[in-house]
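Numbering (the UniProt record's numbering), first residue to last: 1 to 528.
All C-beta atoms in this analysis are idealised placements derived from N, C-alpha and C, irrespective of residue type, glycine included.
Given the structure is predicted, the values throughout are model-derived calculations rather than measurements.
Now the structure itself:
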């Protein structure tokens, strides 16, 4: 049977055909909350970078924040006062919370912090700094000089005519400070200046050093040349026929005399039933919010297990537990090999915190302990888990607490009642006899594990077992036929006041044994 190669290693194999030295680039405009749909681009780039290094290639990894782009509109998450800033570069607009250097940094900062938590460490460039440092000057000159050639490429590839006043360079008006309202009227390549007239009525001259930026379809290939990008992931919108990658290939070759990077085209991440994520539409779960909920290696796994060209459906509610379970099963399998082993390797990353406590088990423990960290540590120690890495355990506890608050469906939540729930009155005589018998057994037993509790409940259906015999004696009969499902309902009702709950073994082993013995005894004797 042919072994399947992970998609990141396929990318590395293709890159090796084009040389031994590579630069992987990725970039996002921080115009709104940077969401886990955007995360696919960066994690995909990181996987390609790691695979190339594993293959012995000399590789670098960069991230470009396109923060010199204009604010397109007043997004739903912004106050109407931002209408005056529409058209200005987002690096030059005030921060919405007043605590960051700019509008762009307000959204970029939590994203970069998220990358750190994901074990992703690219070299970060900011577009405004690149333009203001003069790095784009030669590309701007070339683009302005060859304006007609670029216009011809755009027409031939995209099928759209450019307007007579179109220019590959967008000046920033010195009066209104906008970057998308001025028309270029001339330029001086030697002086490195550009003349313009703005729709606000102002005219003037700006320097090619920070006085504006190239339009997107020219800016992108200019970066490929300037930074020598050899591999880059991007969304399917850029890869469409006649799209920005198609025009970029022609522009970088014919205008900038450079080869385009190897493309990695990725599909969207769909948010449940809401569709593709989009910052501007508000259909979004930010990376920072998701990292409050999901362990970082699970988010990496979400991307690593699926080929980039296939869309991912992500639901942070109940389906999230299925994703975490799938990851944890792989991670706990010491004999894992082949493709799954490689997926797991790429899901791990330096600096990511990890504990062997299952996420779902922690949802039970945290609720039993009412979020008290000291009690949580006592419970997990009693359950036999390693408690030496308190930092990682605390991170998992925070993940679980946030998931319960932000996304957990109602049936996943519970609360151990301090007093016997009134619902206990609905229990049958058989269920009460069961609880009384369990109370006696656990009250006279040493410390029980989750498996012990599970086996104890199921032993109730075995005629002649200790538990079955005790139940029969309490009912005054020779033997009884027990349905374990009804017995589990009795447990949940007496402790939670509801007929269902978390996995019973985990649940019961998380609760103080003396408390359980007393509670079950009270429930067995309860007569409303």
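Per DSSP, the bridge partner or partners of residue i
i           : result
residue 24  : 61, 231
residue 212 : 171
residue 314 : 271
residue 204 : 196
residue 123 : 62
residue 182 : 198
residue 262 : 231
residue 35  : 286
residue 188 : 193
residue 89  : 70
Beta-carbon contacts of residue i that lie in its chain and below 6 Å, excluding the five residues immediately before and after
i           : result
residue 41  : 26, 233
residue 96  : 106
residue 520 : 435, 438, 439
residue 141 : 189
residue 146 : 255
8 Å Cβ shell around residue i - same chain, five flanking residues per side excluded
i           : result
residue 390 : 377
residue 94  : 85, 102, 103
residue 328 : 358, 359
residue 404 : 363, 366, 367, 412, 413
residue 261 : 25, 224, 229, 230, 231, 232
residue 109 : 100
CB of residue i within 8 Å of CB of residue j, strictly
i           : j           : result
residue 313 : residue 270 : yes
residue 218 : residue 143 : yes
residue 454 : residue 501 : no
residue 169 : residue 214 : yes
residue 373 : residue 295 : no
residue 183 : residue 197 : yes
residue 407 : residue 291 : no
residue 534 : residue 509 : Lying outside 1 to 528, the shown extent of the chain, residue 534 is not represented and no answer is given.
residue 265 : residue 298 : no
residue 449 : residue 393 : no
residue 4   : residue 339 : yes
residue 201 : residue 174 : no
residue 48  : residue 8   : yes
residue 157 : residue 98  : no
residue 409 : residue 317 : yes
Same chain only: Cβ atoms within 7 Å of residue i, ignoring 5 sequence neighbours per side
i           : result
residue 153 : 247, 250, 251, 254
residue 1   : Any answer about residue 1 is weak, because its pLDDT of 48 lies below 50 and its placement is not dependable; what the coordinates show is given next. So the list is empty, once near-sequence residues are dropped.
residue 119 : 296, 349, 350, 351, 352
residue 180 : 70, 87, 170
residue 460 : 434, 467, 468, 471, 482, 484, 487
residue 112 : 124
residue 130 : 136
residue 401 : 366, 371
residue 14  : 262
Among the options, the one whose alpha carbon lies nearest that of residue i
i           : options            : result
residue 44  : 268, 139, 174      : 268
residue 558 : 90, 490, 419, 315  : What the structure shows of the chain is the stretch from 1 to 528, and residue 558 is not part of that stretch, so it cannot be assessed.
residue 163 : 4, 6, 151, 336     : 151
residue 123 : 287, 113, 424, 63  : 63
residue 116 : 316, 73, 39, 186   : 39
residue 527 : 175, 422, 13, 155  : 422
residue 69  : 204, 426, 112, 220 : 220
residue 483 : 465, 457, 475      : 457
residue 178 : 311, 90, 426, 517  : 90
residue 52  : 443, 159, 420, 6   : 6
residue 176 : 165, 425, 83       : 83
Chain D contact for residue i (CB, 8 Å cutoff)
i           : result
residue 176 : Among the protein chains of the structure shown there is no chain D, as only one such chain exists.
query: Using 8 Å as the Cβ pair cut-off and three pairs as the minimum, do the stretch 127-134 and the stretch 196-214 touch?
result: By the C-beta criterion, the stretch 127-134 is judged to be in contact with the stretch 196-214, since at least 3 inter-stretch pairs fall below 8 Å.
The stretch 414-426 contacting the stretch 489-500, beta-carbon criterion three pairs below 8 Å: In this structure the stretch 414-426 touches the stretch 489-500; the number of beta carbon pairs closer than 8 Å is three or more.
message: Across the stretch 24-39 and the stretch 76-90, are there enough close Cβ pairs to call them in contact, namely three or more that are closer than 8 Å?
response: The answer is yes - the stretch 76-90 touches the stretch 24-39, with three or more Cβ pairs under 8 Å.
message: With three or more beta-carbon pairs closer than 8 Å as the criterion, would you say the stretch 336-350 touches the stretch 307-322?
response: no
Segment contact flag, the stretch 54-62 with the stretch 15-25, C-beta cutoff 8 Å, min 3 pairs: Yes: the two stretches touch, three or more of their Cβ pairs being nearer than 8 Å.
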